[in-house]
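Asker: One structure coming up, written as structure tokens, with questions to follow.
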Amino acid sequence: MRGALAAALLAFAIARPAIAEVAVVDGLGRTVRLAAPAKRILTLAPSITEAAFAVGAGARVAGASAWSDFPPEAARLPVVSSSAGIDFETVAKLAPDLVIAWRDSFRVESIPRLESLGARVYVDSSRTLADVPRLLRDVAALAGADAGPAMRAYASRLDAIRGARPGGKPLRVFLDISFRPLMTVGGKHFMTEALSLCGAENVFADLPEAAPLVSWEELYARRPQAILAAGTPEGEAAFRKSWAGHAALEAVRRGKVSYVPSSALGRPSPRVVDGIEALCRAIDALR
């Protein structure tokens, strides 16, 4: 009898699937360990929300940041963070086992409080197009999903864009991310990479900051050949009205002002390739 019981227990142990510990190094250099893949995930940036859905882990996302609007079902998730910060009361109610944040919009001082609510915290530091596959890989590992298809699709589409890159002298572009105050992107920002892929050049590529404030005097001195912005379709009218008053700029005077109606371009997520394709079409039309 005892032998039969032991044999049955052994057979059960062999048949039972092993639940392996998950260990991933995040963008802060911290090793994030989970006893098993996360079941209730909070995503604190739209790019991370998109990454979770892209690898097939959308059903495990219990809450997301404001402006997480893709895919459409993400917009129906409880909002757990915004520009005002993290809503810790909502976080506590959702009882997550994992919180994934983006370093550029996250206060690391929040980590102990989130951990006190029972969640492990992974901080993503994506800033370049090359960082996106790593984000997909890590999110998939933490959620017990497969990043392979999303990573391959992303790489394939980027390669296609590179292959279609026009020759000749790059178009000198000012990329408007804020009109008041006047802000653009620096040389290390992934949107500068995107411009390069489309055969254009960021006139402020020499600046080290990701999103520097610049003066009107600096902008006029750099003489951009075109003015570009990207955002929601609703923002285009205000963009064009703002720039219409600066006809002293040659780009404005010649009508070389274009708006890309896509939020995808501003997010280091797999969907950024949609934005780059739209950006390339806009730049081609400005030549």
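If you're matching positions, the sequence shown starts at 1481 in my numbering and goes up one per residue.
Cβ atoms here follow ideal geometry from the backbone N, Cα and C, with glycine treated the same way.
Applying the 10 Å Cβ sphere with the 16-neighbour rule, what's the burial state of T1712?
Answerer: Result: exposed.
Asker: For L1785, I'd like the list of residues in its chain whose CB is within less than 6 angstroms of its CB, leaving aside the five on either flank, ordered along the chain.
Answerer: Shown here, the chain extends from 1481 to 1767; a query on residue 1785 therefore has no answer.
Asker: Near D1754, what residues of its chain come up, given a Cβ to Cβ distance below 7 angstroms and the 5 sequence neighbours on each side ignored?
Answerer: Same-chain partners within the cutoff: S1742 and A1744.
Asker: Could you tell me the boundaries of the beta strand (DSSP E) in which L1708 lies?
Answerer: Looking at the DSSP string, the run of the beta strand (DSSP E) that includes L1708 is A1706 to A1710.
Asker: Where do the ends of the alpha helix (DSSP H) carrying R1529 lie?
Answerer: Reading off the sequence shown, one finds Thr at residue 1529, where the question assumed Arg. Segment P1526 to A1534, the alpha helix (DSSP H) holding T1529.
Asker: DSSP beta-bridge partners for A1544?
Answerer: Answer by DSSP bridge pairing, in chain order: T1523 and V1559.
Asker: Alpha helix (DSSP H) containing I1580: first to last residue?
Answerer: Where I1580 is concerned, there is no enclosing alpha helix (DSSP H), although the beta strand (DSSP E) it sits in stretches over L1578 to W1582.
Asker: Who does R1600 pair with in a DSSP beta bridge?
Answerer: L1578.
Asker: Give the straight-line distance between the Cα atoms of R1720 and P1650, rounded to the nearest whole angstrom.
Answerer: Whole-angstrom Cα-Cα distance: 24 angstroms.
Asker: Quick one: is P1592 buried, meaning 16 or more other Cβ sit within 10 Å of its Cβ, or exposed?
Answerer: With fewer than 16 other Cβ atoms within 10 Å, it is exposed.
Asker: Please classify W1582 as buried or exposed, where buried requires at least 16 neighbouring CB atoms within 10 angstroms.
Answerer: The residue in question, W1582, is buried, as its Cβ has 16 or more Cβ neighbours within 10 Å.
Asker: In this structure, does DSSP put V1619 in helix, strand or coil?
Answerer: Looking at V1619 - three-state DSSP - the assignment turns out to be helix.
Asker: Going by the CB atoms, is the gap between L1677 and R1642 shorter than 8 angstroms?
Answerer: It is a contact, given that the beta carbons lie within the stated cut-off.
Asker: With DSSP collapsed to three states, give me the class of L1687.
Answerer: L1687 falls in the coil class under three-state DSSP.
Asker: Beta strand (DSSP E) containing A1762: first to last residue?
Answerer: Per DSSP, A1762 belongs to no beta strand (DSSP E); it is in the alpha helix (DSSP H), V1752 to L1766.
Asker: In whole angstroms, give me the CA-to-CA distance for L1615 and L1578.
Answerer: Their Cα atoms are separated by approximately 15 angstroms.
Asker: Touch check for the region 1590-1606 and the region 1690-1708: three-plus C-beta pairs under 8 angstroms?
Answerer: The region 1590-1606, when compared against the region 1690-1708, does not touch it at the 8 angstroms Cβ threshold.
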